[in-house]
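One line per chain: the protein sequences are A and B, in this order. Note that our numbering has the first sequence beginning at 1, numbered continuously upward. Note that our numbering has the second sequence beginning at 1001, numbered continuously upward. We treat Cβ as the ideally placed atom computed from N, Cα and C, and that holds for glycine.
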Amino acid sequence: MTGLDSWLRQATRGLSKDSSAQVRTEIHEHYESAREAAINNGAAAQEADRSALAALGDAATANRQYRRVLLTSSEARMLREGNWEAQAVCSRSLVKWLLAAVPVAALWAAAALYLAGEGLIARVVVAGAVMMGLLFTAPYLPVYTTSRSRVFRGVKWVAMMCALVLAFGPDALKYFWLLTACVWQFAWVEWTRNSIRRKLPVSRWPRQLYL
Amino acid sequence: MNFKGTLPTLILEALVREPSHGYRIAQQIKERSQGVLDFKEGTLYPALHKLENDGLVESYEGVEKGRPRRYYRITKAGRGALTRDRAEWRELSRAVTTILGEA
């Protein structure tokens, strides 16, 4: 393995396949130019290799910087497989409408439970209806511009927190650990999507990045 | 010399005259600063990608001496950012010069 191969292996660690290929191409081009320039200036081939590699600097530092601007393998996987809002709402229209009816039915059920004196259960059902409503209707909302998407994401998180507080009532703080367990996965998805949003130009955003 | 944080501005400045590829940008910065601004070239491309993600530069495939190369050119937003950066730098430089001149 040459010095450049070893440098590239370290610099591309954790990057997605496409990002990794991009880095390899651009660094190869750069290295070849630097090497050629050194040879034209009278350096021997071995010395030219050494100086071209030294000019690239520390591979670990480059890797840290690349990971901030290019997609990592886990982010690329999320982009491929992470459209779970749309996947949750099946593409068949009958199922789609049935799923959309679930939050509405849940709200009706909550009203009936409340009238029957089951306030606690009614609160939990309302919270569930809000969460399901967010999940099932999100792909159909007109949120596919950056500003609308930002507003939607803010509203989504406020609604989610309100739903959880509503479900747990005055004990919400006491059950903080349970609330955390409920939202950590959503939070992780949101965190990763934010990272992807910073790395991809808006013109290349897939639909799930708006949600 | 440590010029952390100013590399994106220097890249935009290098691209304002004509589109260029990574190696030439790096050499241009070093030559125009007469070797004072020396940096590790492996950090140039992450900075270029960041500028591209922010819409300040755009890239396209080109050929130089029969070899395919990725060229970068500054966008309209990039020119605006460069104008702002230049103004900020002049202000900062004037302030630091004033303080150091008092010493």
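Using DSSP with H/G/I as helix, E/B as strand and the rest coil, what is T1009 of chain B?
Helix, per DSSP.
Confirm, please, whether the CB-CB distance from I121 of chain A to L134 of chain A is below 7 Å.
Taking 7 Å as the Cβ cut-off, L134 of chain A and I121 of chain A do not qualify as a contacting pair.
Among all the DSSP beta bridges, which residues are the ones paired with G1062 of chain B?
Looking at the DSSP assignment, G1062 of chain B forms a beta bridge with B:R1069.
Which residue's Cα is closest to the Cα of Y210 of chain A: A:A54, A:K156, A:K174, A:T180?
Here the closest residue by C-alpha is A:K156.
Taking one C-beta from the stretch 46–60 of chain A and one from the stretch 98–113 of chain A each time, how about it: are there three or more such pairs within less than 8 Å?
Too few Cβ pairs lie closer than 8 Å, so no.
In terms of alpha-carbon separation, which member of A:A172, A:R77, A:L173, A:V158 lies closest to A187 of chain A?
Cα-wise, what sits closest to A187 of chain A is A:V158.
Does T1043 of chain B pass the burial test, meaning 16 or more other C-beta atoms within 10 Å, or should it be called exposed?
Classification for T1043 of chain B: buried.
Counting only Cβ-Cβ distances shorter than 8 Å, please list the residues of the stretch 151–180 of chain A near chain E, keeping chain order.
Chain labels in this structure do not include chain E; the protein chains are A and B.
Going by DSSP, what residues sit across from L15 of chain A in a beta bridge?
Answer by DSSP bridge pairing, in chain order: A:T72.
Does DSSP put N1002 of chain B in a helix, in a strand, or in coil?
Model confidence at N1002 of chain B stands at a pLDDT of 49, short of 50, so the residue's coordinates are unreliable; what they give is reported in the following sentence. The answer is coil: DSSP assigns N1002 of chain B none of H, G, I, E or B.
Which residues in the same chain have their Cβ closer than 8 Å to the Cβ of V23 of chain A, if we skip the five residues on either side of it in sequence?
Closer than 8 Å at the Cβ level, and outside the excluded window around V23 of chain A, lie L8, A11, T12, L15, Y66, L70.
Exposed or buried, which one is P1046 of chain B when buried takes at least 16 other CB atoms within 10 Å?
When all chains shown are included, P1046 of chain B counts as buried.
Could you check whether the Cβ of E1041 of chain B sits closer than 7 Å to any Cβ belonging to chain A?
Chain A contact via Cβ: present.
Whose C-beta lies closer than 6 Å to the C-beta of A116 of chain A among residues of the same chain, with five residues either side of it excluded?
There are no such residues.
By the DSSP assignment, the alpha helix (DSSP H) with P142 of chain A in it spans what residues?
Run containing P142 of chain A: none; DSSP gives neither H nor E here.
Under DSSP, the alpha helix (DSSP H) around A48 of chain A begins and ends at which residues?
Start and end: 45–56.
For V1057 of chain B, write down the residues that DSSP places opposite it in a beta bridge.
For V1057 of chain B, which the question treats as bridged, DSSP gives the partners B:I1074.
Name the two residues that bound the continuous alpha helix (DSSP H) containing K1040 of chain B.
From DSSP, K1040 of chain B is part of no alpha helix (DSSP H); its letter is neither H nor E.
So, under 8 Å CB-CB, L141 of chain A and F152 of chain A are touching, yes? Tell me the CB distance rounded to an integer number of Å.
With 8 Å as the limit, L141 of chain A and F152 of chain A qualify as a contact, their Cβ atoms being about 7 Å apart.
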